[in-house]
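Participant: Letter 115 of the sequence shown, counting from 1, is numbered 128 in this note's numbering, and no numbers are missing.
Beta carbons: idealized from backbone N, C-alpha and C, even for Gly.
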Amino acid sequence: MNRGEAGQRTGLAFLLLPTLLLAVDLGVLWMAVPQLSADLGPTSTELLWINDSYGFAMACLLVLGGNIGDRFGRRRLLMIGLAVFTAASLLAAYAWSPAVLIVARVMLGTSSAAIIPSTLALISGMFPDTRRRARAIALWVTTLSTGIALGPVLSGVLLAHFWWGSVFLVGVPVLVVALIGCPATVPELADPDATPLDLGLFRDRTFVAAPLLLFTGLAAMNGVEYLMPQYLQLVGGVASLEAGLLMVLPAVGLALGSQLTPLLARRAGPARVIAAGAVVAIAGFALIATSPGVATVTAGTTVMMLGLAPITVLGTNIAVSAAAPEKAGQASAIGQTSYELGLAFGIAATGSLVSAVYRDHVRTSAPEGVPSDVVAEVAGNLGGGAAVPALADVARAGFTSGLQVAAIVSGCLAGLLAVFALVLLKRSRTEQREAEPVG
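(1) Which residue comes first and which comes last in the alpha helix (DSSP H) that contains A299?
(2) Assuming the contact rule is C-beta atoms closer than 8 Å, I128 and S66 should be a hit. Round their C-beta distance to whole Å, please.
(3) Under 8 Å by Cβ, that's how I've got V187 and L91 pegged, so tell me the actual separation to the nearest angstrom.
(4) Suppose you measure from the CA of L319 to the CA of V383; what does that come to, to the nearest Å?
(5) What residue ranges within the stretch 66–117 form continuous alpha helix (DSSP H) runs of no fewer than 4 residues, ordered along the chain?
(6) Could you tell me whether the stretch 418–432 touches the stretch 301–314, where touching means 3 or more Cβ pairs closer than 8 Å?
(7) DSSP on V154, reduced to helix/strand/coil?
(8) In the structure shown, what three-state DSSP assignment does A312 receive?
(9) Quick check on the DSSP output: the alpha helix (DSSP H) that includes A191 runs from which residue to which?
(10) Short of 7 Å in beta carbon distance, which residues of its chain neighbour V190, apart from the five on each side in sequence? Order them along the chain.
(11) Taking 8 Å as the line, does the beta carbon of A126 fall inside it for any heavy atom of the ligand GTP?
(12) Which stretch, first to last residue, makes up the alpha helix (DSSP H) that contains G493?
(13) Examine chain C for any beta-carbon lying closer than 9 Å to the beta-carbon of T155, and answer yes or no.
(14) So, at 8 Å on beta carbons, what are the nonlocal neighbours of V375 in its own chain, with the 5 sequence-adjacent residues on each side left out?
(15) Can you find the residues in the same chain that come closer than 7 Å, C-beta to C-beta, to G455, ignoring five residues on each side of it along the sequence?
(16) Identify, in the order they occur along the chain, each residue of the same chain with its Cβ nearer than 6 Å to the Cβ of V180, setting aside the five sequence neighbours on each side.
(17) Going by the beta-carbon positions, is the gap between T123 and V97 smaller than 9 Å?
(18) Cutting at 6 Å between CB atoms, please list the residues of its own chain near A232, excluding the five before and the five after it.
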């Protein structure tokens, strides 16, 4: 290996650190929801904003972030994003009200809108060779999977010994390492003549397909994944550490699917692999919807993540590979906007469904003799049932019913993903190979 390749790999390693951090940060929040709810007492609406404000802020600003990086320097924007993310993590850790935590989450999402397109654009610029760039992007996706796996475990350990805010501090050491290492190992790349948004990107049918597929696939995936740790703790009575360990299984499914996807895509083509994976995911959703329980929800979520892994790998690679290197920032930002909007929509849609089903069930099934104001308070807080023994069983049943409805809706989205993939990616074998990642 020559010095140039060694330098590229070192730079790639430092770019993967922020990627790992963002994935870890996502996983730790999901695990902290029950404790956070008990401490801050957010309403169901505030809880959705705590979870969704991050994704919506990122999605709204990703294209702008990609363009700023293209014009003024991708590494420079990355460093600014890392610094803001550090400050926002500290604010979130010590938030004293739901409103403050929402503000911190918006700051985290805003800084992520600078970090994500910068890392992908820098990877694209550092690896001009198509095959090596595809490998680097596949490694980027695998790093996300690893972060998702580590997040719940780290969160479970922290929550077993510290307050819920400690989960936001887990990435601070990683941020410090990245802030020190990136300037010395990652080249500055920019395109001062970049346009605000190159509409020519949308002339490519493949590029247009990628955002739609990413949005649909991630919306199907993220809702149930977000609900699983809450179900394990609030309904299954699983301790935070054990719940974190169980959350590793879906992440392993995603990582395994991510590694198998390049091989399968070379043999069968991206469209068939994405569609087949969606069918596998439907089987996982069906298991959750028909037989809820700690074991079946864990198994169903794992199968679902395995099945939806291909769209996370192929969709990201399609979006970046369809654009010229100098437009990589915009292309990655558009792809990631769809990715994050899908994540946010999945949480918002399924969270709203679960809240509605839960609220209706608690109000209509509450035992006689329980004061109406107590019923209303428990109905407005997904974690409130544990504090009222008379409503504990009713609350658990309501949450379970909501999870079943969410699984059915997510299964329908997975079905749409299969149809979209077969229709929108119906191209020649030669064209398909150009979008396939190389394992």
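Facilitator: Quick answer:
(1) Residue mapping note: residue 299 aligns to position 286 of the sequence shown, counting from 1. In the DSSP assignment, A299 falls within the unbroken alpha helix (DSSP H) covering 283–303.
(2) As a working mapping, residue 128 is identified with position 115 in the sequence shown. As a working mapping, residue 66 is identified with position 53 in the sequence shown. Taking C-beta atoms under 8 Å as the contact rule, I128 and S66 fail to qualify, at a distance of about 17 Å.
(3) Translated into positions along the sequence shown, residue 187 becomes position 174. Translated into positions along the sequence shown, residue 91 becomes position 78. 14 Å between Cβ atoms; not a contact.
(4) Looking up residue 319 in the sequence shown gives position 306. Looking up residue 383 in the sequence shown gives position 370. Approximately 44 Å, taken between the alpha carbons.
(5) The qualifying runs are 87–106.
(6) Yes, since at least three Cβ pairs between the stretch 418–432 and the stretch 301–314 fall closer than 8 Å, the two stretches touch.
(7) Along the sequence shown, one-based indexing puts residue 154 at 141. V154: helix per DSSP, three-state reduction.
(8) Locating residue 312 in the sequence shown gives position 299, counting from the first residue. Three-state DSSP puts A312 in a helix.
(9) Walking along the sequence shown from the start, residue 191 turns up at place 178. 185–198 is the span of the alpha helix (DSSP H), which, as asked, contains A191.
(10) If you number the sequence shown from 1, residue 190 lands on position 177. Within the same chain, Cβ atoms closer than 7 Å to the Cβ of V190 are found at L30, the five residues on either side in sequence being excluded.
(11) Absent from the structure shown: the ligand GTP. Ligands present: none.
(12) Residue 493 is absent from the model: the chain starts at 14 and stops at 452.
(13) Structure shown: chain C not included; a single protein chain is present.
(14) Your numbering for residue 375 matches position 362 in the sequence shown. Within the same chain, Cβ atoms closer than 8 Å to the Cβ of V375 are found at V388, V391, A392, G398, L404, V407, A408, G411, the five residues on either side in sequence being excluded.
(15) The question about residue 455 has no answer here: the residues shown for the chain are numbered 14 through 452.
(16) By 1-based counting over the sequence shown, the position of residue 180 is 167. Correct list, in chain order: V41, A45, S168, L171.
(17) Working through the sequence shown from its first residue, we reach residue 123 at position 110. Working through the sequence shown from its first residue, we reach residue 97 at position 84. Taking 9 Å as the Cβ cut-off, T123 and V97 qualify as a contacting pair.
(18) In the sequence shown, the residue the question calls residue 232 occupies position 219. Closer than 6 Å at Cβ, skipping near neighbours: G355, F358, G359, L426.
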